[in-house]
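Q: Before anything else, here's the structure in question.
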Amino acid sequence: MTQVQSDGPLLSVKSLHHYFGPLAACRNVSFELRRGEILGIVGESGSGKTTLLRCLSGQLAPTSGEVLFASRRHGLTDIFALSEQDRRRISREEWGYVHQNPRDGLRMRVSGGANVAEPMMMNGTRHYGQMRALSLDWFARVELDTARIDNKPRTFSGGMQQRLQIARNLIHGPSLVFMDEPTGGLDVSVQARLLDLMRALVRDMGLAAIIVTHDIGVARLLADRLLVMKSGDVVEHGLTDQVLDDPQHGYTQLLVSSVLQI
Amino acid sequence: MTIANQSNRRAYNYAYLDEQTKRMVRRAILKAIAIPGYQVPFGSREMPVPYGWGTGGIQLTAAIIGPDDVYKCIDQGADDTTNAVSIRRFFARVADVATTERTQDASIIQTRHRIPEAPLGPGQIMVYQVPQPEPLRGLEPRETETRAMHAYEEYGLQYLSLYESVAAFGRIAGGAGYPVLVDERYLMSPSPIPKFDNPKLHQSEALHLFGAGREKRVYAVPPHTDVRSLDFEDYPFEVQSWDEVCGLCGCGESYKDEVILDDAGNRMFVCSDSAYCGDRRVAGHAGPMAGHALDGLATGDDNTDDDAAAVGIEA
Amino acid sequence: MHQNDQPAIRITGLGKSFTLHNQGAAVVPVFADVSLEVRSGECVVLAGASGMGKSTLLRSIYANYLPCAGSVEISHDSQFVDITRAPPHLVLDVRRRTMGYVSQFLRVIPRIPTLALVMEPLLENGVDAAEARERAETILTKLNLPSTLWQLPPATFSGGEQQRVNIARVMVREYPVLLLDEPTASLDAANRGTVVALMNEARARGTAMVGIFHDEIVREQVATRLFDVARHRAAA
């Protein structure tokens, strides 16, 4: 195993471009992310947020540019220079991916407990008792009723499904978690609880997260830093409170001034 | 070729399939034997029976059978069920082979649900009719993804089904098509044989060929290959067992079928392998229900069994 | 600990203007060429009428606003960090360990109990839960926030109560540098006295402070020096 320096970047993105035919979905994106940092990516629909997230999480090879990740096995390496097998292993062992719709991130045909235990099985655990104990532990950590561990996710509410998905994506101790609109489909009361939960988990586990959202409020409460995207370009990048309180770019100023006040 | 040329009277080529098709299937079989447990795609043909009735197994048999072979075909362990009888008659007719019900005498045994109780020896070939060759399919619907999983040996997903079973029943309950790891490399579904038969695959003297007609896949377990049934460290693999002995032959070790006798809840257990059970009764073994309970039919029954055993090899 | 002869905050030639891109790129200048040094144990109060840019200066020191000229250096781990140019993770580290900021408004995740909110900055710095709880309870008691409110989220609290939660969240830690934007604005006399006492305790410990206080009495009780922002007013 390669010793990773704790003060170096965990993820380093260099001049990443992605084109769908002539259409630029992401243009010249560069940034670094360290352990314990939460990066928010904001922008309107179609601005390239999700494409960027898919490139960063190895699901989509960028047209050009590099995505360097400090993995336990390979050190800081461009994930697209690795073999597919190594990339899949990094994804399985060191990443989590929380989908906007829990149905995309859960196996609806197996129980909640099996959903949470799956990453352990994928990473080689072959002891039922250990998996069961850790699944129960994670059920409790994300505030799900442990009595329902053997129920299918479809019997869970939207908020419970999303918590199940979060447990499933953290149980194996990843160093980086990708979240695509994690609170998107939830009503506001559930959203707040979930935001607090995610913040506490990220803090306790010292992991880094990249959160795509179009909700400025969510971004303000969760993210340390923001990347503002418009038509495939990063128009602004900085500390969350600085970007939102003193936006420099016209688009960010428009975005911030468009937030509804209650 | 000589055989095909000889039979001018025949409406079909020897063993039904044309020679090019048989070559293609044989090439797939050779590749499957070379990579134990790996699913080899092949150009499955339309057969004169519907998918699900054994088209994969029939094509494999047709590709490997010759006039010197002795052919046995079972369905649920029995030689005398409609499917088994029809397929046996099919090959007797199109391949001019001798057929048998005795496991020891057969060179090719086609099956769907069982591996016979009698131990298999060198030179014997088991041909399995497989409905779904992909053990991961129930958990992962994408073929591209399951192929990647096989390629990279990512088999953690298969344990999900075992986990679910232990969570629900307190033990690994799955009865048939229980997943195995072949030669510590490829995950394989052993057709829908009961897990009772899984240990018979391990280091078997015989060659095992699996054919899925609809899914167009062939895979194999060559003789003397390690076959390990998946399990958890704290829930080791176990086969089924029965408290009852066979009602007819009294056998305690064999795989049993449960037979409901009336509306009052009376039932009996009998060996699922009819040839094995018959052999035992000829050898003088008798179960608690042999010779009584079915009084009126008892004599006739015994005669039939004796006949079957005496005939041995059908012409 | 930094030596007395080295300032905790060193501001050099700082300028700030806002460009409003959606209003014909209008430029609103605020201040220009601000230079200021604040040492350990000092409390500099920003003076000047409303709209002169006091809050903007304070926010620029905290890197909440992005200045267009000059630098703001904060002594962090005995080294100066230019907060206007430092990489984000370093700015966050300065905020986490060196520089606290009491804003005028409480901005927190809804539906989180007050006690948990006050414990949070400690947990973020690796303090264990039991100690964090004890320290949070101590500061809330000092600020006269009734213990019946501790398990409630502050959304329904009065302005004064919310402001005290806000102060507690910052004062629960002993930051070497404190920025305060009208911390006593909505407090009654008794609570104002408590906050002043807390601030003077902090200053006695060596905390360097910059604050905005409209209340003349408070200003006299805490200020060691006044700094007139109006003199640096930038021309439009």
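Residue numbers (my numbering), protein chains in the order written: chain G, 12 to 273; chain C, 511 to 825; chain W, -14 to 221. We put the beta carbon where it would ideally sit given N, CA and C, even for glycine. Since the structure is predicted, the reported quantities are computational estimates derived from the model, not experimental observations.
So R(-5) (chain W) is in the beta strand (DSSP E); what residue range does that whole segment cover?
A: In the third sequence, the residue the question calls residue -5 (chain W) occupies position 10. Element bounds for R(-5) (chain W): I(-6) to L5.
Q: Excluding the 5 residues preceding and the 5 following H244 (chain G) in the sequence, name in chain order all residues of the same chain whose CB lies nearer than 6 Å to its CB.
A: Position 233 of the first sequence, counted from the start, is the residue given in the question as residue 244 (chain G). It should be pointed out that residue 244 (chain G) corresponds to Asp in this sequence rather than to His. Same-chain partners within the cutoff: R38.
Q: Terminal residues of the continuous alpha helix (DSSP H) containing H660 (chain C)?
A: Reading the second sequence from its first residue, position 150 is the one you call residue 660 (chain C). Taken as a continuous stretch (DSSP letters only), the alpha helix (DSSP H) holding H660 (chain C) covers E653 to A661.
Q: Going by DSSP, which residues form a beta bridge with C28 (chain W)?
A: Position 43 of the third sequence holds residue 28 (chain W). Answer is W:M194.
Q: Take the Cβ of Y262 (chain G) as the centre, count every other Cβ of all protein chains shown within 10 Å, and call the residue buried at 16 or more, exposed below.
A: The residue labelled residue 262 (chain G) in the question sits at position 251 within the first sequence. Result: buried.
Q: To the nearest angstrom, how far is it from the Cα of Q253 (chain G) to the Cα of Y696 (chain C)?
A: As a first step, residue 253 (chain G) must be located in the first sequence, where it is residue number 242. As a first step, residue 696 (chain C) must be located in the second sequence, where it is residue number 186. Their backbone Cα atoms lie some 54 Å apart in a straight line.
Q: Just list the alpha helix (DSSP H) runs in the region 166 to 221 of chain W, keeping only unbroken ones of 4 residues or longer that don't cross its boundaries, in chain order.
A: You should have 174 to 190 and 201 to 207.
Q: Report the neighbours of G32 (chain G) on chain C: residues whose CB is nearer than 8 Å to its CB, in chain order.
A: Position 21 of the first sequence, counting from 1, holds the residue named residue 32 (chain G). Here the premise fails: no neighbours, minimum Cβ distance about 23 Å.
Q: Can you tell me where the alpha helix (DSSP H) with N126 (chain G) in it begins and where it stops?
A: Here residue 126 (chain G) is taken as the residue at index 115 of the first sequence, counted from 1. Taken as a continuous stretch (DSSP letters only), the alpha helix (DSSP H) holding N126 (chain G) covers G123 to M133.
Q: Just the Cα atoms here: how many angstroms apart are L(-1) (chain W) and S20 (chain W)?
A: If you number the third sequence from 1, residue -1 (chain W) lands on position 14. If you number the third sequence from 1, residue 20 (chain W) lands on position 35. Looking at the two C-alpha atoms, the distance is approximately 6 Å.
Q: Going by DSSP, which residues form a beta bridge with I221 (chain G)?
A: Residue mapping note: residue 221 (chain G) aligns to position 210 of the first sequence, counting from 1. The partner list for I221 (chain G) (beta bridge, DSSP) reads G:L50 and G:F189.
Q: Taking only beta-carbon positions, decide if R236 (chain G) is within less than 8 Å of chain W.
A: The residue labelled residue 236 (chain G) in the question sits at position 225 within the first sequence. R236 (chain G) counts as touching chain W.
Q: Report yes if the C-beta distance between Y669 (chain C) and M132 (chain G) is below 8 Å; otherwise report no.
A: Translated into positions along the second sequence, residue 669 (chain C) becomes position 159. Translated into positions along the first sequence, residue 132 (chain G) becomes position 121. In this structure, M132 (chain G) lies closer than 8 Å to Y669 (chain C) by Cβ.
Q: Once you ignore the five residues that flank T614 (chain C) on each side, which residues in its own chain have a CB closer than 8 Å to its CB?
A: The residue given as residue 614 (chain C) occupies position 104 in the second sequence. One point to set straight first is that residue 614 (chain C) is Gln, not Thr, in the sequence displayed. So the qualifying residues of the chain are A628 and G631.
Q: Which residue comes first and which comes last in the alpha helix (DSSP H) that contains Y765 (chain C)?
A: One-based indexing of the second sequence puts residue 765 (chain C) at position 255. That residue, Y765 (chain C), is in no alpha helix (DSSP H); it is neither H nor E in DSSP.
Q: How about D589 (chain C) and S784 (chain C): are their beta carbons less than 8 Å apart?
A: The residue labelled residue 589 (chain C) in the question sits at position 79 within the second sequence. The residue labelled residue 784 (chain C) in the question sits at position 274 within the second sequence. Cβ atoms of D589 (chain C) and S784 (chain C): closer than 8 Å.
Q: Within 8 Å of any Cβ in chain C, is that where the Cβ of R98 (chain G) sits?
A: Translated into positions along the first sequence, residue 98 (chain G) becomes position 87. Not an interface residue.
Q: With H, G and I counted as helix, E and B as strand and the rest as coil, what does DSSP make of G648 (chain C)?
A: Counting from 1 along the second sequence, the entry for residue 648 (chain C) is found at position 138. G648 (chain C) falls in the coil class under three-state DSSP.
Q: Closer than 7 Å by C-beta to V692 (chain C): which residues in its own chain qualify, once you throw out the five before and the five after it? Chain order, please.
A: Position 182 of the second sequence holds residue 692 (chain C). If we look at V692 (chain C) and ignore the five residues flanking it on each side, its Cβ neighbours are P546, G547, M698, V731, T735 and V737.
Q: Let me check understanding here. Comparing Cα to Cα, which of C:I539, C:T609 and C:G801 lies closest to C759 (chain C)?
A: Counted from its first residue, the second sequence places residue 759 (chain C) at position 249. The option with the nearest alpha carbon to C759 (chain C) is C:G801.
Q: L22 (chain G) and E43 (chain G) - do their beta-carbons sit closer together than 8 Å?
A: For this step, residue 43 (chain G) is matched to residue 32 along the first sequence. For this step, residue 22 (chain G) is matched to residue 11 along the first sequence. For E43 (chain G) and L22 (chain G), yes; Cβs fall inside 8 Å.
Q: Go ahead and pull the three-state DSSP assignment for A803 (chain C).
A: Looking up residue 803 (chain C) in the second sequence gives position 293. The predicted position of A803 (chain C) is uncertain, since its pLDDT is 43 and thus under 50; no value can be drawn from it.
Q: Can you confirm whether F742 (chain C), when its beta carbon is compared against all beta carbons of chain G, has any partner nearer than 8 Å?
A: What you label residue 742 (chain C) is simply residue 232 of the second sequence in a count that begins at 1. Yes, contact with chain G.
Q: Cβ closer than 8 Å: which chain W residues qualify as neighbours of A203 (chain G)?
A: Here residue 203 (chain G) refers to the residue found at position 192 when the first sequence is read from its first residue. Within chain W, the residues near A203 (chain G) are I94, P95, R96 and I97.
Q: By the criterion of Cβ-Cβ separation under 8 Å, what are the contact partners of G249 (chain G) in chain W?
A: The sequence position of residue 249 (chain G) within the first sequence is 238, counting from 1. In chain order: L51 and P73.
Q: Check the DSSP bridge columns for P732 (chain C) and list the partner residues they point to.
A: Within the second sequence, numbered from 1, the residue matching residue 732 (chain C) stands at position 222. Per DSSP, none; premise fails for P732 (chain C).
Q: Could you list which residues in chain C have their beta carbon closer than 8 Å to that of E154 (chain G), in chain order?
A: The residue given as residue 154 (chain G) occupies position 143 in the first sequence. Correct list: empty, because the minimum Cβ distance to chain C is about 21 Å.
Q: Compare the C-beta of N134 (chain G) with all C-beta atoms of chain C and state if any pair is closer than 8 Å.
A: Working through the first sequence from its first residue, we reach residue 134 (chain G) at position 123. So yes, N134 (chain G) belongs to the interface.
Q: Relative to the C-alpha of A573 (chain C), which residue among C:Q586, C:R555 and C:Y561 is closest?
A: Walking along the second sequence from the start, residue 573 (chain C) turns up at place 63. With distances taken between Cα atoms, A573 (chain C) lies closest to C:R555.
Q: Measure the alpha-carbon distance for I770 (chain C) versus V780 (chain C) and round it to whole angstroms.
A: Translated into positions along the second sequence, residue 770 (chain C) becomes position 260. Translated into positions along the second sequence, residue 780 (chain C) becomes position 270. Cα to Cα, the separation comes out at about 11 Å.
Q: Secondary structure at M119 (chain G), three-state DSSP: helix, strand or coil?
A: Position 108 of the first sequence holds residue 119 (chain G). In this structure, M119 (chain G) counts as coil in the three-state DSSP scheme.
Q: So with CB distances below 8 Å, who are the chain G contacts of E116 (chain W)?
A: Counting from 1 along the third sequence, the entry for residue 116 (chain W) is found at position 131. By Cβ distance, chain G contributes nothing, its closest Cβ being about 16 Å from E116 (chain W), past 8 Å.
Q: Quick one: is A(-7) (chain W) buried, meaning 16 or more other Cβ sit within 10 Å of its Cβ, or exposed?
A: Counting from one through the third sequence, the residue named residue -7 (chain W) turns up at place 8. The residue in question, A(-7) (chain W), is buried, as its Cβ has 16 or more Cβ neighbours within 10 Å.
Q: Measuring straight from C-alpha to C-alpha, what distance separates P72 (chain W) and A683 (chain C)?
A: Counted from its first residue, the third sequence places residue 72 (chain W) at position 87. Counted from its first residue, the second sequence places residue 683 (chain C) at position 173. Approximately 57 Å, taken between the alpha carbons.
Q: Taking only beta-carbon atoms, is E48 (chain G) less than 8 Å away from chain W?
A: For the purposes of this step, residue 48 (chain G) is taken as residue 37 along the first sequence, with counting starting at 1. So yes, E48 (chain G) belongs to the interface.
Q: Does any CB atom of chain W fall closer than 8 Å to the CB of D226 (chain G)?
A: As a first step, residue 226 (chain G) must be located in the first sequence, where it is residue number 215. It does not; no Cβ of chain W falls within 8 Å.
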